[in-house]
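What follows is a short report on a single structure.
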Amino acid sequence: YGYTLPGWRKHNLTYRIMNYTPDMARADVDEAIQKALEIWSKVTPLIFTKVSKGIADIMIAFRTRVHGLCPRYFDGPLGLLGHAFPPGAGLGGDTHFDEDENWTKDGEGFSLFLVAAHEFGHSLGLSHSSDQTALMFPNYVSLDPSKYPLSQDDISGIQSIYGGLPKASAKPTETIVPHACDPDLSFDAITTFRREVMFFKGRYLWRIYYDITNIEFELIASFWPSLPANIQAAYENPKDKILIFKDDNFWVIRGYAVLPDYPKSIYALGFPRYVKKIDAAVCDKNTRKTHFFVGIWCWRYDEMTQTMDKGYPQRVIKHFPGIGLRVDAAFQYKGFFYFSRGSKQFEYDPKAKNITRTLKTNTWFQCKEPLNSSSDFGIKEKVHSGGVEVSYHKSLNLLLFTIVLLLKLNSMY
Amino acid sequence: FPTDQRMDNEENMQLAQAYLNQFYSLEIEGSHLVQSRNRSLIAGKIREMQAFFGLTVTGKLDSNTLEIMKKPRCGVPDVGQ
Numbered sequence: 265y266g267y268t269l270p271g272w273r274k275h276n277l278t279y280r281i282m283n284y285t286p287d288m289a290r291a292d293v294d295e296a297i298q299k300a301l302e303i304w305s306k307v308t309p310l311i312f313t314k315v316s317k318g319i320a321d322i323m324i325a326f327r328t329r330v331h332g333l334c335p336r337y338f339d340g341p342l343g344l345l346g347h348a349f350p351p352g353a354g355l356g357g358d359t360h361f362d363e364d365e366n367w368t369k370d371g372e373g374f375s376l377f378l379v380a381a382h383e384f385g386h387s388l389g390l391s392h393s394s395d396q397t398a399l400m401f402p403n404y405v406s407l408d409p410s411k412y413p414l415s416q417d418d419i420s421g422i423q424s425i426y427g428g429l430p431k432a433s434a435k436p437t438e439t440i441v442p443h444a445c446d447p448d449l450s451f452d453a454i455t456t457f458r459r460e461v462m463f464f465k466g467r468y469l470w471r472i473y474y475d476i477t478n479i480e481f482e483l484i485a486s487f488w489p490s491l492p493a494n495i496q497a498a499y500e501n502p503k504d505k506i507l508i509f510k511d512d513n514f515w516v517i518r519g520y521a522v523l524p525d526y527p528k529s530i531y532a533l534g535f536p537r538y539v540k541k542i543d544a545a546v547c548d549k550n551t552r553k554t555h556f557f558v559g560i561w562c563w564r565y566d567e568m569t570q571t572m573d574k575g576y577p578q579r580v581i582k583h584f585p586g587i588g589l590r591v592d593a594a595f596q597y598k599g600f601f602y603f604s605r606g607s608k609q610f611e612y613d614p615k616a617k618n619i620t621r622t623l624k625t626n627t628w629f630q631c632k633e634p635l636n637s638s639s640d641f642g643i644k645e646k647v648h649s650g651g652v653e654v655s656y657h658k659s660l661n662l663l664l665f666t667i668v669l670l671l672k673l674n675s676m677y
Numbered sequence: 002f003p004t005d006q007r008m009d010n011e012e013n014m015q016l017a018q019a020y021l022n023q024f025y026s027l028e029i030e031g032s033h034l035v036q037s038r039n040r041s042l043i044a045g046k047i048r049e050m051q052a053f054f055g056l057t058v059t060g061k062l063d064s065n066t067l068e069i070m071k072k073p074r075c076g077v078p079d080v081g082q
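If you're matching them up, the sequences are chains F and C in order.
With the numbering used here applied, the first sequence covers 265 to 677.
With the numbering used here applied, the second sequence covers 2 to 82.
Below, the structure written as structure tokens:
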């Protein structure tokens, strides 16, 4: 990361939205801007207040081409999406978005939330980071709206200007129990493990078996108490071991034991120092080569020689045509690779080098129908598997059917 | 063919110059007399940009470098703010 000191000399900052893009509903623009500021206020002592008139510290506007007295220009569709100025008077802190782009809440086009989050990094004093996983990387390439956008590099950068959250206001981390049939479910990591597949999410994992249609849902800590939550990548190597990655550390598991002397640094595997975390990893059982995914790049590791292959990193899209941008998780099953990104999953044929199917990430859990928030509500605190969810729905349907039948019979007599 | 390729190369070089000028503080001189100096300035800035983006540092306008230059991005310079 890079930054301009001293940043803002106060912690209470104001922002004002000068005009709105016609591409989105006003409420959605307000929400995107507020969320984009919140990602920074959650890791610093900064507080943002919206004002509707007068001069604010951060003046936000949608503009085109040459605009007003701004020394930076826009260039029509694509190319430049936004710019912002470092803390200071006048233009300082101000943020402009190119109105010639197609701004969206979360669909086709550019996510206003993500671009705004990046630009507000500049408004607060950060410059571009060369860390490809950082929000402050200039190309916005590593951004995925479904993921928490800040990398450790971004957090270290902003905290080097403003410090961390005041201790008194630190909130306890909320425990969120993921739901197997949530249509927006994404995974932290996926790996095969002997004759099963493990899907990791937060503090939990699901296990499915090759031959049995059963799904199990467990706390990661119930298997491996020394592993952290929110792991980022995992794979099974040809020596019957699982490697688990979080930040720049990895653990090796054999059976149900974490091997001693771990975690070790990922740099021991041959990664360069600028790699701060691994997004996904998968070992090709046929070639015994492991692919590591870091942002838009992939490395290849030879499990036999235990060295990184030369000629890497390569762009993911070059090595796996059709797989663009970042992947959350990857694993190999019956010869196919499965790449998971947000709530989508791509079945990939490594021989034909193309995507054969696009699926939801949770197709492995045999969800009959997606859960809605109301059916989640009463059972939120329970640890449960996808199978429990499905039978809960079935029982409810059966109960309703029985009541209707009884009422009908009653009216007949 | 040769003419088209030359035009492509010229277009790419113009794009690269504009990009480096905007994001890497490239300041080249217009006179034909200093063309070789300009070439070395541009190569130096390409190297700087390739290093920043984690590309193979060649100082040449290869396809990976051009691809990055054509991607949507933030309008704030990467260096020299």
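Backbone N, C-alpha and C fix where the C-beta goes; we use that ideal spot for every residue, glycine too.
Are residue i and residue j closer than 7 Å when you measure CB to CB?
i              : j              : result
G421 (chain F) : Y265 (chain F) : yes
F514 (chain F) : L507 (chain F) : yes
W563 (chain F) : M572 (chain F) : yes
S387 (chain F) : G357 (chain F) : yes
D512 (chain F) : S490 (chain F) : no
G466 (chain F) : A485 (chain F) : no
E500 (chain F) : T455 (chain F) : yes
A453 (chain F) : A497 (chain F) : yes
A300 (chain F) : F361 (chain F) : no
E363 (chain F) : F374 (chain F) : no
A593 (chain F) : S604 (chain F) : yes
T620 (chain F) : D613 (chain F) : yes
I425 (chain F) : V307 (chain F) : no
G534 (chain F) : Q396 (chain F) : no
I311 (chain F) : N276 (chain F) : yes
A381 (chain F) : I303 (chain F) : yes
K46 (chain C)  : L21 (chain C)  : yes
Y531 (chain F) : V516 (chain F) : no
G733 (chain F) : I581 (chain F) : This structure does not reach residue 733 (chain F), given that chain F is present from 265 up to 677, and the question cannot be answered.
R280 (chain F) : A320 (chain F) : yes
My guess is that residue i and residue j are in contact by the Cβ rule of under 8 Å, so how many angstroms apart are they, rounded?
i              : j              : result
L414 (chain F) : L429 (chain F) : In fact, because the Cβ distance is near 13 Å, the residues do not count as touching under 8 Å.
F600 (chain F) : E611 (chain F) : 5 Å
S393 (chain F) : D370 (chain F) : The pair is not a contact, with the Cβ atoms about 24 Å apart (cut-off 8 Å).
Y618 (chain F) : K72 (chain C)  : Here residue 618 (chain F) is Asn; the residue named in the question, Tyr, does not match the sequence. 23 Å between Cβ atoms; not a contact.
G354 (chain F) : T268 (chain F) : With 8 Å as the limit, G354 (chain F) and T268 (chain F) do not qualify as a contact, their Cβ atoms being about 15 Å apart.
Y565 (chain F) : F557 (chain F) : Rounded, the Cβ-Cβ distance is 12 Å, inconsistent with contact.
L56 (chain C)  : L42 (chain C)  : Rounded, the Cβ-Cβ distance is 19 Å, inconsistent with contact.
L449 (chain F) : S607 (chain F) : 6 Å
T359 (chain F) : T313 (chain F) : Going by Cβ atoms, the distance from T359 (chain F) to T313 (chain F) rounds to 16 Å, so no, they are not a contact pair.
P585 (chain F) : K549 (chain F) : Actually they do not touch by this definition, with Cβ atoms about 21 Å apart.
A545 (chain F) : F487 (chain F) : Rounded, the Cβ-Cβ distance is 19 Å, inconsistent with contact.
Are there 16 or more other CB atoms within 10 angstroms of the CB of residue i, so buried, or fewer, so exposed?
i              : result
V379 (chain F) : buried
L344 (chain F) : buried
P577 (chain F) : buried
A444 (chain F) : buried
M568 (chain F) : exposed
I476 (chain F) : exposed
R518 (chain F) : exposed
S637 (chain F) : Any reading at S637 (chain F) needs caution, since the residue's pLDDT is 32, under 50, leaving its predicted position unreliable; the model's value is listed next. So S637 (chain F) ends up on the exposed side.
R40 (chain C)  : exposed
T551 (chain F) : exposed
Q36 (chain C)  : exposed
M14 (chain C)  : exposed
V315 (chain F) : exposed
Y474 (chain F) : exposed
D504 (chain F) : exposed
V591 (chain F) : buried
Q609 (chain F) : buried
K598 (chain F) : exposed
D446 (chain F) : buried
Q570 (chain F) : exposed
Does the ligand NAD have even one heavy atom less than 6 Å from the beta-carbon of residue i?
i              : result
L523 (chain F) : This structure lacks the ligand NAD, and indeed carries no ligand of any kind.
Contiguous beta strand (DSSP E) assignments of at least 3 residues, all confined to the region 291-367 of chain F:
311-314, 322-327, 344-348 and 359-362
Check whether the region 345-357 of chain F touches the region 66-78 of chain C, counting contact only when three or more Cβ pairs, one atom from each stretch, lie closer than 8 Å.
yes
Sequence ranges, beta strand (DSSP E) only - wholly within the region 470-552 of chain F, length at least 3
479-483, 497-500, 505-510, 513-518 and 544-548
Any contact of the region 274-290 of chain F with the region 323-333 of chain F, i.e. 3+ C-beta pairs under 8 Å?
yes
Return the chain-ordered ranges of every beta strand (DSSP E) run that is complete within the region 586-635 of chain F and spans a minimum of 3 residues.
593-597, 600-605, 608-613 and 618-624
Quick one: any contact between the region 619-633 of chain F and the region 459-473 of chain F, if contact means 3 or more CB pairs under 8 Å?
yes
Every unbroken alpha helix (DSSP H) within the region 382-463 of chain F, with a cutoff of 4 residues, ordered by chain:
416-426
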